[in-house]
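Residue numbers (our numbering): -19 to 182.
Don't be surprised by glycine CBs; every beta carbon is placed ideally from N, CA and C.
Report on the following structure.
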């Protein structure tokens, strides 16, 4: 029985991987809006109903596609940040790594931003929460390092500081993806606002 269960779980993981890979390829080459769940099922070689075992809607499937990729991107962003000195430069490097990832496929990044505004499924909310925990945890570690270096106050709370850094980035990311800022303007605004946050409103 244990072996049978293990085999079923292995099959489920394999199908999940095929669905994510097929969805990612179709979203990239055909576009998110133009892709149907039927096409994804055919490309993944699964029954159409199987798709809905992993995501209730195509929008939820987009979250599933991005989750694994973004978890890796966050780790790379943290590595890039650690190669810099000073919290402003570190956070700029952190966020620029994530922006570079989104710039590879701007239409898909637009679709993701829209979907993140309202995540309907509990499983997809859990995926987003897991990703945000990882991302904010990395930012909190950068703030903690800045505390040790005497760059920020010793009593600065880590979680609110991480959320504040992310909020600035997310605001400007939305403006960049919507065309209100070009990349040079985004870079300037991000650095200016992060610096202001860390200096405080003196």
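Count the other CB atoms within 10 Å of the CB of residue i; is the residue buried (16 or more) or exposed (fewer)?
i, result
"residue 67", "buried"
"residue 4", "buried"
"residue 72", "buried"
"residue 98", "exposed"
"residue 24", "buried"
"residue -7", "exposed"
"residue 76", "buried"
"residue -19", "In this prediction, residue -19 scores a pLDDT of 44, lower than 50, which makes its location untrustworthy; the coordinate-derived value is nonetheless stated afterwards. It is exposed - the Cβ of residue -19 has fewer than 16 other Cβ atoms within 10 Å."
"residue 27", "exposed"
"residue 14", "exposed"
"residue 91", "buried"
Cutting at 8 angstroms between CB atoms, please list the residues of its own chain near residue i, excluding the five before and the five after it.
i, result
"residue 54", "78, 111, 114, 115 and 118"
"residue 105", "99"
"residue 144", "177"
"residue 8", "85 and 88"
"residue 141", "119, 120, 123 and 132"
"residue 37", "100 and 101"
Which same chain residues, not among the five before or five after residue i, have their C-beta less than 7 angstroms away from its C-beta?
i, result
"residue 51", "111 and 114"
"residue 39", "95"
"residue -4", "34"
"residue 161", "152, 155 and 169"
"residue 126", "67 and 132"
Near residue i, which residues of its chain fall below 6 angstroms by C-beta distance, leaving aside the five closest residues on each side in sequence?
i, result
"residue 70", "61, 64 and 122"
"residue 41", "3 and 35"
"residue 173", "148"
"residue 58", "118"
"residue 1", "none"
Let me make sure I understand the geometry here. Which of the options has the alpha-carbon closest to that of residue i?
i, options, result
"residue 131", "103, 169, 59 and 175", "175"
"residue 150", "170, -7 and 165", "170"
"residue 48", "108, 87 and 12", "108"
"residue 45", "127, 20 and 165", "20"
"residue 82", "137, 157 and -9", "157"
"residue 136", "164, 179 and 165", "179"
"residue -9", "6, 93 and 30", "30"
"residue 101", "80, 32, 128 and 159", "32"
"residue 146", "93, 74 and -14", "74"
"residue 103", "139, 43, 80 and 129", "43"
- Counting only runs of 3+ residues fully inside the segment 68 to 127, write out the beta strand (DSSP E) ranges in chain order. none
- Item | Ranges of the alpha helix (DSSP H) found wholly within the segment -1 to 50, counting only runs of at least 4 | As for any alpha helix (DSSP H) of minimum length 4 sitting wholly inside the segment -1 to 50, the runs are 17 to 24 and 28 to 31, ordered along the chain.
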